[in-house]
Amino acid sequence: MSIVEKFKTFLKKGVDVFFTDNRTTMIAVKRKTDGSYSVRLHNMFSEAGEDVIKAVSDYIEGKRRGSREIIRRFINDNFNKIKSLPLRQNIRPAARLYTAGRFFDLKEIFDKLNKEYFNGVMAIKITWGRGSYNSRRYIRFGSYTEKDDIIRIHPILDRQFIPDFFIESIVYHEMLHKLVKTRVENGRRRVHTPEFKEMEKRFRDYEKAKEWEKENIKRLLNIRT
Ligand SMILES: [Zn+2]
8 MSIVEKFKTF LKKGVDVFFT DNRTTMIAVK RKTDGSYSVR LHNMFSEAGE DVIKAVSDYI
68 EGKRRGSREI IRRFINDNFN KIKSLPLRQN IRPAARLYTA GRFFDLKEIF DKLNKEYFNG
128 VMAIKITWGR GSYNSRRYIR FGSYTEKDDI IRIHPILDRQ FIPDFFIESI VYHEMLHKLV
188 KTRVENGRRR VHTPEFKEME KRFRDYEKAK EWEKENIKRL LNIRT
């Protein structure tokens, strides 16, 4: 039985169901003029069991009392999964990925960190960037672009004198950007939230990497790419 058919067994009025990848709105219900419903559900609901579909049906019909809690629990249980899985919106024509550098293979680093810290469930594209962010005063070592689900690492880090733990700390940091939600405060988007910073410190060589950066930043800034 399709999910729409399942809904029809619970709802007296007709229903159209659409699945989305929207990360902020898990359920949106609209009542149409003919009394039927148009419902947008996050993809996670496509695999919901009977009890959850019943609860969503109640919710749609305005019986929110018992249903709200069942739905909330279902969303919480599934939310961790959706944050780390590749979502449909991310499947788009592949950007060219360059992972093999002269000294470091980003794919190898990514896979190692994925196994060590994320149970191997992280799926993000990674590539060497084009190195367009350095001035004499500042380098952005890495970036994560949510829209394309891609991590870019500055090619300045593909040097023999760069220790493994340092480049790993950069890749780990960018991986966290996929995992940790950004927060909007006073209309501003905060990416390095307290939660983010706390998770960042779980990296085994966190302190060592910070120290190394302090000691070597001048040398890095003097490299011309
Ligand atoms: Zn960051």
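So the sequence shown is numbered by the numbering used here: it starts at 8 and just counts up by one.
All residues carry an ideal CB built from backbone N, CA and C; glycine is no exception.
In this structure, Thr134 lies near Arg159, with their beta-carbon atoms less than 8 Å apart.
Sequence-distant partners of Phe25 (beyond 5 residues in either direction) whose C-beta falls short of 8 Å from its own C-beta, in its chain, are Ser45, Val46, Arg47, Leu48.
Under the three-state reduction of DSSP, Tyr105 is assigned to coil, being neither helix nor strand. Fewer than three beta-carbon pairs drawn from the region 115–126 and the region 74–87 are found closer than 8 Å, and the two stretches are therefore not classed as touching. Less than 8 Å separates the beta-carbon of Val63 from that of Ile34. Contiguous beta strand (DSSP E) elements confined to the region 184–227 occur at 190–192, 195–197, taking only those with 3 or more residues.
Note that the C-beta distance between Phe168 and Trp219 is not below 8 Å. Annotated three-state conformation of Leu18 is coil, per DSSP. Rounded to the nearest whole angstrom, the C-alpha separation of Thr31 and Arg196 is 15 Å.
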